[in-house]
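Working notes, beginning with the structure itself.
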Amino acid sequence: MSLSIYLVSIFLGLAGGLFYALKINKGQEYSSTQHLILGLIIFVTCFELYAIYLVKNGKHNVIVYNVCFYYLETFFLMGYLYTIHQSKKIRQLILYFSVVYLIWGIVNSFFIQDIWVTMHNYSFLIASLGILSFCLLFIFGIAKNNKYFERPLWSLPHFWNTSILLIFYSTAFLYFLSLNFLHEFDPNLINILGSVNRSVAGTMYIVLGFSYYAPLFQTAEYAK
Amino acid sequence: MQSDSIELFFVLLSGIFLMFMMSGFIVAIVVVHRQRQVKNKHRIELMKADYEKTLLNVEKEIREETLLYVSQELHDNIGQMLSLTKLVLANPEPSAVLEGKKLINQIIKEVRSLSKSINRDYLKDIKFGDFLSEELEKIERSGFCQTALIPADSSVEISDDNKKLILIRVVQECLNNAIKHASPTWIKIQINHTAPLLELSINDDGVGFDTQQYSQGLGLRNLQSRMNAIDGDISFQSELQKGTQIKISLTV
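Now the structure itself:
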C-alpha cells in the first residue's frame, strides 16, 4: 500500500467517524467511546500529515513518530481499553501499565534510545504487548463471562475495534521491532515490509472509523 | 542480499502467522459466543414455556375452585334461601309478602356477589389486600375457624397480573391445606410491604406437620416451583401440635 492510499484510508476512517459523530451519535449507547476513537483518528491524521510535511521539507520525523505514535497513540488506546473494560481489576492494571509505560518511555529516551534520533522500538514492543493483552482479555471476557447474549458480536463496535487492534498490533510489532535490525537491508525490501504494515494500519483506521455503524444493522430478531 | 530476503521472508511469515493466529482466536470466540447464545435462547424459551404452563395451571385451578365455591354457595346458601322464600310466600298474609320481598332482595345480593366471583377479570381487578380479606372472610363465614388479617386495611397491590394470579393461587393452596389437614382454631395472615418487597406470613394453630417428611411432597414442591416461577420465595416452619407458619416473599 502506497503512502497516499494509506492516507486515504485514514481520511476514510475519519470521514466515517465524523459523519457518525455529527449525524447519528445523539446520545447513542457507545457515544463516549466513539468520541474517544474519533479523537484518536483526528490525532493520527494530524501527526501523519505533519510527519509527511517534515519529510517533504527535508527534516527528520523520528521525534513525531516516537512521541505521537509510540506514546500518545498508545495512551489514547489505553484510555479506550480502560473505558470498555468493566472489571475493576483490569482497569487498575491498565492504569498501572500506563504509568509504567510512561516511566519506561522517559528512561528509554534519556538512557537507551535517543528520542530525536532513534525509533523507540523497545517501547513499541512493550506497548504492543500491553494493548494485545488488554484486547485479548476483553475478547476472552466476552466468551468467559457470557456477555452480550442479547446481540450478535458483529453488532458490537468494541468487538470490531479490539479485533482490529489485535490484528494490527500482533503484526506491527514484528515490523517495528525488526526496523533496528534491518538497517542494512535493501531499501526496497524495507518498503515491502512498510507497505504490508501500512495496509493493516489503514484497514485498522477504517474499521475504527466505521465500527460504530455496526449496531445500526442489528436485526429485529436481536433487537427484541 | 540473499540473507536479506530470507530475513524479510521470516519477518513476513511470522507476521502472517501471528495475524492468522489472532484471526483464528477471534473466529473461535465468535463461534463459541454464538453457540452459547443459541443455548441461552433455548433455555429462556424453556423457562417461558414453563412459566406459561404454571400460569395456565393456576388459572385452571382458580376456575375450578371458584366453581366449587359457587356450587356450594348455590346449594347451601342461595338454595336454602329460595326454599325459605317459597315457604314464606306460600303464606297469604301481607307481613309474609313483606318478609318474602326482604328475602328476595337478600338473594339478589348474594347472586350478585356470586356472579362477581365467576367473572374472569375479577381476580385481575381486585386488589391483593382485598382478596386476602375476602378469602379469610369466606373461611370465617363458613364457621370453620377464626381468622385475622394484619393490618386489616391493607391496600397492597401487585401491578403484574400474572404474578398476582400465581400468588393468589399459592395463598389459596396454603389456606386450603390448613383447612383440609390442620384443623386450626385460628388462621392469621400478616402482611409486610416495604416496596418493592412484599412479605406474607400465613400462620395457624393447627396440628402441624413434619417439614422434613413432607418437604419433598408434591404439594410443597408445587408451591415452591410456583413461587420460583415469579422469582419469589416460600418457606415452611411447622411442628407437630404447634401449628404452621408459611413465609412468602416476593418483589412486586
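Chains A and B, in that order, are what the protein sequence lines are. Going by the working numbering, the first residue of the first sequence is number 1, and it counts up by one from there. Going by the working numbering, the first residue of the second sequence is number 1, and it counts up by one from there. The beta-carbon is built from N, C-alpha and C at its ideal position, and this holds for glycine as well. Values in this document were obtained by computation on a predicted structure and should not be read as measured data.
Below 8 Å on the Cβ atoms is my contact criterion, and I expect Leu18(A) with Leu40(A) to pass it. Report the Cβ-Cβ distance as a whole number of Å. On the first sequence, position 18 is the one that residue 18(A) refers to. On the first sequence, position 40 is the one that residue 40(A) refers to. About 13 Å; that fails the 8 Å criterion.
Given a cut-off of 8 Å, decide if Ile166(B) and Thr54(B) are closer than it, judged by their beta-carbon atoms. Residue numbering aside, residue 54(B) sits at position 54 when the second sequence is read from its first letter. Residue numbering aside, residue 166(B) sits at position 166 when the second sequence is read from its first letter. Closer than 8 Å, so yes.
Near-chain B residues of the stretch 56-71 of chain A - C-beta to any C-beta below 8 Å: none
Got a sec: is the Cβ-Cβ distance from Met47(B) to anything in chain A below 8 Å? The count along the second sequence starts at 1 and reaches residue 47(B) at position 47. It does not; no Cβ of chain A falls within 8 Å.
Distance between beta carbons of Tyr169(A) and Asn197(A), contact taken as under 8 Å: Residue 197(A) sits at position 197 when you count from the first residue of the first sequence. Residue 169(A) sits at position 169 when you count from the first residue of the first sequence. Contact flag wrong, Cβ pair sits at about 11 Å.
Just how far apart, CA to CA, sit Arg34(B) and Pro152(A)? Working through the second sequence from its first residue, we reach residue 34(B) at position 34. Working through the first sequence from its first residue, we reach residue 152(A) at position 152. Cα to Cα, Arg34(B) sits roughly 7 Å from Pro152(A).
Is it right to say Met227(B) is buried, meaning 16 or more other beta carbons lie within 10 angstroms of its own, or is it exposed? Against the second sequence, residue 227(B) aligns to sequence position 227. Label assigned to Met227(B): buried.
Would a check of beta-carbon distances place Ile166(B) closer than 8 Å to chain A? Within the second sequence, the letter at position 166 stands for residue 166(B). Chain A contact via Cβ: absent.
I'd like to know whether the C-beta of Asn146(A) is nearer than 8 Å to at least one C-beta of chain B. For this step, residue 146(A) is matched to residue 146 along the first sequence. Yes, Asn146(A) lies at the interface with chain B (some Cβ there is under 8 Å from its Cβ).
Kindly say whether Met19(B), judged by its beta-carbon, lies nearer than 8 Å to any beta-carbon of chain A. As a first step, residue 19(B) must be located in the second sequence, where it is residue number 19. Yes, its Cβ sits closer than 8 Å to a Cβ of chain A.
For His193(B), the three-state DSSP class (helix, strand or coil): Counting from 1 along the second sequence, the entry for residue 193(B) is found at position 193. Taken through DSSP and simplified to helix, strand or coil, His193(B) comes out as strand.
Which listed residue (Tyr96(A), Cys68(A), Ser32(A) and Lys56(A)) has its alpha carbon closest to that of Phe47(A): Numbered from its first residue, the first sequence carries residue 47(A) at position 47. Taking the Cα of Phe47(A) as reference, the smallest distance to any Cα among Tyr96(A), Cys68(A), Ser32(A) and Lys56(A) is reached at Cys68(A).
Which one of Leu68(B), Arg112(B) and Gln146(B) has the shortest CA to CA distance from Trp186(B)? Stepping through the second sequence from its first residue, residue 186(B) is reached at position 186. Closest by alpha carbon: Gln146(B).
Looking at the C-beta of His42(B), does it have a partner C-beta in chain A at a distance below 8 Å? The residue given as residue 42(B) occupies position 42 in the second sequence. Taking Cβ atoms only, chain A never reaches closer than 8 Å to His42(B), which makes this a no.
Taking 8 Å as the CB-CB limit, is Ile139(A) close to chain B? Here the question's residue 139(A) lines up with position 139 in the first sequence. Chain B, which has a Cβ nearer than 8 Å to the Cβ of Ile139(A), makes this yes.
According to DSSP, what are the bridge partners of Glu199(B)? The sequence position of residue 199(B) within the second sequence is 199, counting from 1. The bridge partners DSSP lists for Glu199(B) are Asn192(B) and Ser249(B).
Do Thr83(A) and Thr33(A) count as a contact pair if the criterion is CB distance below 8 Å? For the purposes of this step, residue 33(A) is identified with residue 33 of the first sequence, where counting begins at 1. For the purposes of this step, residue 83(A) is identified with residue 83 of the first sequence, where counting begins at 1. Less than 8 Å separates the beta-carbon of Thr33(A) from that of Thr83(A).
contact_flag[the stretch 140-160 of chain B, the stretch 113-126 of chain B] where n(CB pairs < 8 Å) is 3 or more: In short, these stretches do not touch, since the Cβ pair count stays below three.
How long is the line joining the alpha carbons of Tyr148(A) and Ile142(A), rounded to whole angstroms? Residue mapping note: residue 148(A) aligns to position 148 of the first sequence, counting from 1. Residue mapping note: residue 142(A) aligns to position 142 of the first sequence, counting from 1. Tyr148(A) and Ile142(A): Cα-Cα distance of roughly 7 Å.
With distances taken from CA atoms, which of Ile164(A), Leu193(A) and Asn188(A) is nearest Ile26(B)? As a first step, residue 26(B) must be located in the second sequence, where it is residue number 26. Of the candidates Ile164(A), Leu193(A) and Asn188(A), the one whose C-alpha sits nearest the C-alpha of Ile26(B) is Ile164(A).
Within a Cβ cutoff of 6 Å, which residues of the same chain sit near Ile248(B), ignoring the five residues on either side of it in sequence? Within the second sequence, the letter at position 248 stands for residue 248(B). If we look at Ile248(B) and ignore the five residues flanking it on each side, its Cβ neighbours are Leu200 and Ile234.
Shortest alpha-carbon distance to Ser178(A) belongs to which of Val55(A), Ile103(A), Asn121(A) and Ile42(A)? By 1-based counting over the first sequence, the position of residue 178(A) is 178. For the residues Val55(A), Ile103(A), Asn121(A) and Ile42(A), the minimum Cα distance to Ser178(A) belongs to Asn121(A).
Spatial distance of Asn91(B) from Ile78(B) (CA atoms): The residue given as residue 91(B) occupies position 91 in the second sequence. The residue given as residue 78(B) occupies position 78 in the second sequence. If I take the Cα positions, the gap works out to 20 Å.
Cross-chain neighbours of Leu174(A) in chain B, by beta carbon under 8 Å: Taking the first sequence and counting its residues from 1, the one referred to as residue 174(A) is at position 174. Neighbours of Leu174(A) on chain B, chain order: Val11, Ser14, Gly15 and Leu18.
Hey, would you say Phe210(A) sits closer than 8 Å to Gly16(A), going by beta carbons? Counting from 1 along the first sequence, the entry for residue 210(A) is found at position 210. Counting from 1 along the first sequence, the entry for residue 16(A) is found at position 16. Against a cut-off of 8 Å, the Cβ pair of Gly16(A) and Phe210(A) comes out as a contact.
Let me check understanding here. Comparing Cα to Cα, which of Val44(A), Ala21(A) and Phe173(A) lies closest to Gly11(B)? As a first step, residue 11(B) is located in the second sequence; it is residue number 11 there, counting from the start. In the sequence under discussion, the amino acid at residue 11(B) is Val, which differs from the Gly named in the question. Of the candidates Val44(A), Ala21(A) and Phe173(A), the residue whose Cα lies closest to the Cα of Val11(B) is Phe173(A).
How is Thr85(B) classed by DSSP in three states: helix, strand or coil? Mapped onto the second sequence, residue 85(B) falls at position 85. Helix at Thr85(B).
Per DSSP, the bridge partner or partners of Asp204(B): For the purposes of this step, residue 204(B) is taken as the residue at position 204 of the second sequence. Answer is Ile187(B) and Thr244(B), bridged to Asp204(B).
Neighbour list for Val32(B) in chain A, Cβ cutoff strictly below 7 Å: One-based indexing of the second sequence puts residue 32(B) at position 32. Those within 7 Å of Val32(B) in chain A are Ala143.
Suppose you measure from the CA of Ser133(A) to the CA of Phe76(A); what does that come to, to the nearest Å? The count along the first sequence starts at 1 and reaches residue 133(A) at position 133. The count along the first sequence starts at 1 and reaches residue 76(A) at position 76. Answer to the nearest angstrom: the Cα atoms are 16 Å apart.
Counting only runs of 4+ residues fully inside the stretch 127-215 of chain A, write out the alpha helix (DSSP H) ranges in chain order. 157-179 and 187-210
Enumerated in chain order, which unbroken segments of the beta strand (DSSP E) with a length of 3 residues or greater are wholly contained in the stretch 80-153 of chain B? 146-150
With distances taken from CA atoms, which of Lys163(B), Ser71(B), Pro94(B) and Lys101(B) is nearest Leu253(B)? Any property of residue 253(B) remains undetermined from this structure, which presents chain B solely from 1 to 252.
Cβ-based contacts, 8 Å cut-off: residues of the stretch 5-23 of chain A near chain B: none
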